[in-house]
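Mind the numbering: the sequence shown is residues 1128 to 1476 in the working numbering, read in order. Encoded as structure tokens, the structure appears first; notes follow it.
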Amino acid sequence: MIDKLSQLKTVAETELNAVTDTRRLEEWRVRYLGKKSAIMQALRELSSLSLEERRKAGALANEVKDAFESSYKQKLEGIKQAELELATAAKALDVTLPGQPESLGRLHPTTQAMREVCQVFTSLGFETVEGPEVEWDYYNFEALNIPKGHPARDMWATLWVDFADPEKQRSMLMRTHTSPMQIRTMEKRRPPVRLIMPGKTYRYEATDVRHEWMFHQVEGLAIDKNITMADLKGTLFEFARRMFGADRKARFRCDYFPFVEPGVEVAIDCFICKGQGCRLCSGSGWIEILGAGMVHPDVLRRMDCDPAVYSGFAFGMGVERIPMLRYGIEDIRHFYGNDLRFLKQFWGF
Ligand code: FA5
């Protein structure tokens, strides 16, 4: 047995020297220290030996077992250390590599257009005011000559907010246009005023190439003595000239809005078909960008301005329609699709 144990020690140590990973080390441990290993077998067989042989073989078997255990521990430590060094080297930071460029946010084409519209009107002497997107029925409709049950409410498909004020019997909505800002602002101001009021607007309507359920408008309001339709026309033509250039055509036509009298709509010739008629302009050759008119006398009275003394004009334009006209964007739904391939085209502007 003594010979067998010495031989076993030599073979096991040679095999252990060749082990380089934890999987093979575990195989080695099962083979030389497991329950069915030769050394465990030898320890179990000691009882069948004579007393003299048992003493010598027993001492040697325990010595071999201890040696196996300590060699195993040592090898395990060594392998773990080597593996750790390898992993650390793989993750090591190479400070000589060039850095990853940070991708910076840029202005959305709507924001760019909105700022540009505001700049044009600022240079014409208008002041900018902002207001709430969640609005009372009173400001969005009633104060604008559109009482409950008025058929003109159908012009603005409304997203109602599930909140009502039972005491004052008021209901809340997402503003369908920026016109409520005319009333809100005039609660605090006295004429003369020249204001623009930009912001988001919401409508409960199906989307198509020209219509989104959320879009932006810029409202305009000028009230003073002796303001006429000629002032409205002059201001809007000047705006169209500065935004779209002198060679684009602008069209003024009668339209109906309950809060102005008379009312007009302004359209620009379609950039895609150059007035011939296409899918974007629904075959008309024109794209409507704003509604406008002379402030209705009842609205002036609600603003606490005497219509015998004061008059004014108001307009509300769709902001997305401006970059659409300028850059030939054939579908408004690209604006809020969050597709970087679309948005990146406006980074240079
Ligand atoms: C209004 O919203 C009136 N408040 C405008 C107004 C103000 C008239 C002051 C008179 C005096 P209208 O619903 O037509 O009107 O919208 C005005 C502009 O917003 C349109 O010309 C169009 O450019 C844009 N617009 C309207 N609906 C949408 C929509 N669903 N998606 C994108 N733009 C729209």
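All residues carry an ideal CB built from backbone N, CA and C; glycine is no exception.
Practice task
Starting from P1259, trace the beta strand (DSSP E) both ways and give me its first and last residue.
Solution key: From DSSP, P1259 is part of no beta strand (DSSP E); its letter is neither H nor E.
Practice task
Flag this pair as touching only if the stretch 1382-1390 and the stretch 1410-1421 have three or more C-beta atom pairs under 8 Å; answer yes or no.
Solution key: yes
Handout entry: Residue burial classification, Y1454 (beta-carbon count within 10 angstroms, cutoff 16)
Key = exposed
Exercise for the section: Work out the CA separation of G1361 and I1354 for me, nearest whole Å. Expected result: 11 Å
Problem - CA nearest to the CA of K1327, picked from M1341, R1316 and V1320 - result: M1341
Problem - Candidates A1279, F1268 and I1416, of which the one nearest R1311 by Cα - result: F1268
Practice task
Answer yes or no: the CB of Q1296 versus the heavy atoms of ligand 1, is any distance below 8 Å?
Solution key: no
Handout entry: G1347 versus A1139, F1384 and L1363, residue with shortest Cα-Cα distance
Key = L1363
Problem - Given 8 Å, three or more beta-carbon pairs between the stretch 1221-1240 and the stretch 1306-1325 - result: no
Practice task
Determine which residues share a DSSP beta bridge with W1287 and list them.
Solution key: L1300
Problem - Heavy atom of ligand 1 within 8 Å of R1330 beta-carbon - result: yes
Exercise for the section: Return yes when at least one heavy atom of ligand 1 lies under 8 Å from the C-beta of V1387, else no. Expected result: yes
Problem - Cα-Cα separation, L1213 to E1339 - result: 56 Å
Handout entry: Per-residue DSSP class, three states only, for Y1329
Key = strand
Exercise for the section: Examine ligand 1 and report whether any of its heavy atoms sits within less than 8 Å of the Cβ of F1248. Expected result: no
Handout entry: Y1437 and I1323 closer than 9 Å at C-beta
Key = no
Handout entry: Cα-Cα separation, R1181 to L1220
Key = 60 Å
Practice task
Evaluate contact between the stretch 1250-1264 and the stretch 1297-1308, counting only Cβ atoms and requiring at least three cross-stretch pairs below 8 Å.
Solution key: yes
Problem - Close beta carbons around R1156, own chain, < 6 Å, minus the five adjacent residues each side - result: Y1199
Exercise for the section: Assign R1302 to buried or exposed, taking buried as 16 or more other Cβ atoms, counted over all protein chains shown, within 10 Å of its Cβ. Expected result: buried
Practice task
Pull up the CB-CB distance for D1396 and G1404, whole angstroms please, since I reckon it's below 8 Å.
Solution key: Not really, about 11 Å apart at Cβ, beyond 8 Å.
Practice task
Please confirm whether V1336 and L1407 have their CB atoms less than 9 Å apart.
Solution key: yes
Handout entry: Close Cβ partners of R1158 (< 7 Å) along its chain, the five nearest in sequence each way excluded
Key = S1164
Problem - V1247 beta carbon less than 9 Å from that of R1369 - result: yes
Practice task
Within its chain, find whatever has a CB closer than 6 Å to the CB of E1392; leave out the 5 residues flanking it on each side and keep chain order.
Solution key: R1380, D1382, E1415 and G1418
Problem - Among A1270, H1304 and L1170, the one whose alpha carbon lies nearest that of M1282 - result: H1304
Practice task
State yes or no: is the C-beta of I1399 nearer than 8 Å to some heavy atom of ligand 1?
Solution key: no
Problem - Cβ neighbours of K1192 in the same chain (closer than 6 Å, five flanking residues each side left out) - result: I1166
Exercise for the section: Pull up the distance between the alpha-carbon of T1141 and that of K1218, whole angstroms please. Expected result: 34 Å
Handout entry: Own chain residues within Cβ distance below 8 Å of Y1329, not counting five before or after
Key = E1260, L1286, M1301, R1302, T1303, W1340 and M1341
Handout entry: Beta-carbon spacing of T1147, I1206 below 9 Å
Key = yes
Practice task
Rounded to whole angstroms, what's the CA-CA distance from M1490 to W1263? Just pull it up for me.
Solution key: Absent from the structure is residue 1490, since the part of the chain shown begins at 1128 and ends at 1476.
Exercise for the section: May I ask which residues mark the beginning and end of the beta strand (DSSP E) holding A1394? Expected result: V1387 to D1396
Problem - Pairwise C-alpha distance: A1216 and K1162 - result: 38 Å
Exercise for the section: Mind listing, in chain order, the continuous alpha helix (DSSP H) runs of no fewer than 4 residues lying wholly within the stretch 1359-1435? Expected result: 1424-1429
Handout entry: Under 9 Å between C-beta atoms of V1446 and P1325
Key = yes
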